[in-house]
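Student: Numbering (the working numbering), first residue to last: 2 to 286.
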Ligand SMILES: [Zn+2]
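#1: Quick check: the Cα distance between residue 111 and residue 264, rounded to an integer number of angstroms?
#2: Please indicate yes or no: does the CB of residue 172 lie closer than 8 Å to some heavy atom of ligand 1?
#3: Would you decide whether residue 163 is buried or exposed? Buried here means 16 or more other CB atoms lie within 10 Å of its CB.
#4: What whole-angstrom Cβ distance do residue 95 and residue 51 have, given they're in contact under 8 Å?
#5: According to DSSP, is residue 3 part of a helix, a strand, or is it coil?
#6: Is it the case that the Cβ atoms of residue 150 and residue 241 are separated by a distance below 9 Å?
#7: With distance defined between alpha-carbon atoms, name the residue in 215, 256 and 198 nearest to residue 239.
#8: Can you pull every residue whose C-beta falls closer than 5 Å to some heavy atom of ligand 1, listed in chain order?
#9: Check whether the Cβ of residue 62 lies closer than 9 Å to any Cβ atom in chain C.
#10: Residue 25 lies in the alpha helix (DSSP H); which residues open and close that run?
#11: Bridge partners for residue 249 per DSSP, in chain order?
#12: Can you name, in chain order, every residue of its own chain whose Cβ lies under 6 Å from the Cβ of residue 194, other than the five neighbours on each side?
#13: What distance in whole Å lies between the Cβ atoms of residue 178 and residue 28, which are believed to be in contact at a cut-off of 8 Å?
#14: What residue does the alpha helix (DSSP H) around residue 229 start on, and which one ends it?
#15: Could you check the C-alpha separation between residue 246 and residue 206 for me, to the nearest Å?
#16: Under the three-state reduction of DSSP, which class applies to residue 57: helix, strand or coil?
#17: Go ahead and label residue 168 buried or exposed: buried means 16 or more other beta carbons lie within 10 angstroms of its beta carbon, across all protein chains shown.
#18: When burial is assigned at 16 or more other CB atoms within 10 Å of the CB, is residue 156 buried or exposed?
#19: Where does residue 15 fall in DSSP's three states?
#20: Taking 9 Å as the threshold (C-beta atoms), are residue 10 and residue 251 in contact?
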């Protein structure tokens, strides 16, 4: 199994980090987890053609995680993809994609279909190319023995008091070739994250802030209730007994701050720690 961190940033535009997007390649499948800013470009940099993706899994609907989703769908369609592309996401994913295709890009889609028609060719609507599934907690069996288990994680709904209909966030556990990798999405401890991550060979975990960046009440609320900082990520990985912790979704930091974050985590977590950066490839042999 191979993990490529396509984007390791967050909501703030960062010259060093694209938006959240993680590619997992296993048993001849290319699976994308989240579609943040620049995901299609980063996918090209990683050597994968956008039309060759096997599935896209969305963890939640913050703009930094889906900012590149329409770009991926439209680019795959524009590049001639016709076979269904599986898109899995939490409640609301279907209406978001419908909004993209029926409203945001409706004029572009009409243009391209009419352009092909002018050349005497028929082009199907991009919705024909999509297999969108709203999945909250379930195991998905993919070809070649790849299994993806979806579970719910806590990403602010309790702290901000939003219902499941208003806000739901998922994590994904991928099993293939005798290996298991869990992608946390944005999360703090709670709900199904611990069960999903348990004994994973690798956990790709958000760690937005280092310990010394968690100072104000807002930053404490954020890392306790919304998205793990480095101390919370270390605790979650330790509790789940994962072998390798790959930190992603990192707010802009100097090299010294990044190194300090790594030391903070290694002081607590007994396994291997990698502080992620864009286009880093991690082999899980
Ligand atoms: Zn988020």
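Idealized CB from N, CA, C, for every residue including glycine.
Tutor: If we stick to the structure as given:
#1: Indexing the chain shown from 1 puts residue 111 at position 110. Indexing the chain shown from 1 puts residue 264 at position 263. C-alpha separation (whole angstroms): 53 Å.
#2: Sequence index remark: in the chain shown, residue 172 carries index 171 (1-based). Residue 172 Cβ: outside cutoff for every heavy atom of ligand 1.
#3: Numbered from 1 along the chain shown, position 162 holds the residue referred to as residue 163. Classification for residue 163: exposed.
#4: Sequence index remark: in the chain shown, residue 95 carries index 94 (1-based). Sequence index remark: in the chain shown, residue 51 carries index 50 (1-based). Actually they do not touch by this definition, with Cβ atoms about 21 Å apart.
#5: Locating residue 3 in the chain shown gives position 2, counting from the first residue. In the structure shown, residue 3 sits in a strand (DSSP, three-state: E or B).
#6: Here residue 150 refers to the residue found at position 149 of the chain shown. Here residue 241 refers to the residue found at position 240 of the chain shown. Result no, Cβ atoms of residue 150 and residue 241 do not sit closer than 9 Å.
#7: Within the chain shown, numbered from 1, the residue matching residue 239 stands at position 238. Residue 239 has its Cα closest to that of 198, out of 215, 256 and 198.
#8: 63 and 187
#9: No chain C appears in the structure shown, which is made up of a single protein chain.
#10: Translated into positions along the chain shown, residue 25 becomes position 24. Note, residue 25: premise wrong, no alpha helix (DSSP H); beta strand (DSSP E) at 22–27.
#11: The residue given as residue 249 occupies position 248 in the chain shown. Paired residue(s): 207.
#12: One-based indexing of the chain shown puts residue 194 at position 193. The residues are 154, 172 and 188.
#13: If you number the chain shown from 1, residue 28 lands on position 27. If you number the chain shown from 1, residue 178 lands on position 177. Sure, about 6 Å apart at Cβ, within 8 Å.
#14: Here residue 229 corresponds to residue number 228 of the chain shown, with the count starting at 1. That residue, residue 229, is in no alpha helix (DSSP H); it is neither H nor E in DSSP.
#15: Here the question's residue 246 lines up with position 245 in the chain shown. Here the question's residue 206 lines up with position 205 in the chain shown. Cα to Cα, residue 246 sits roughly 7 Å from residue 206.
#16: Taking the chain shown and counting its residues from 1, the one referred to as residue 57 is at position 56. In this structure, residue 57 counts as strand in the three-state DSSP scheme.
#17: For the purposes of this step, residue 168 is taken as the residue at position 167 of the chain shown. Answer is buried; the Cβ neighbour count reaches 16.
#18: The count along the chain shown starts at 1 and reaches residue 156 at position 155. When all chains shown are included, residue 156 counts as buried.
#19: For the purposes of this step, residue 15 is identified with residue 14 of the chain shown, where counting begins at 1. Looking at residue 15 - three-state DSSP - the assignment turns out to be strand.
#20: Within the chain shown, residue 251 is the residue found at index 250, counting from 1. Within the chain shown, residue 10 is the residue found at index 9, counting from 1. Yes; because the gap between Cβ atoms is below 9 Å, this pair is in contact.
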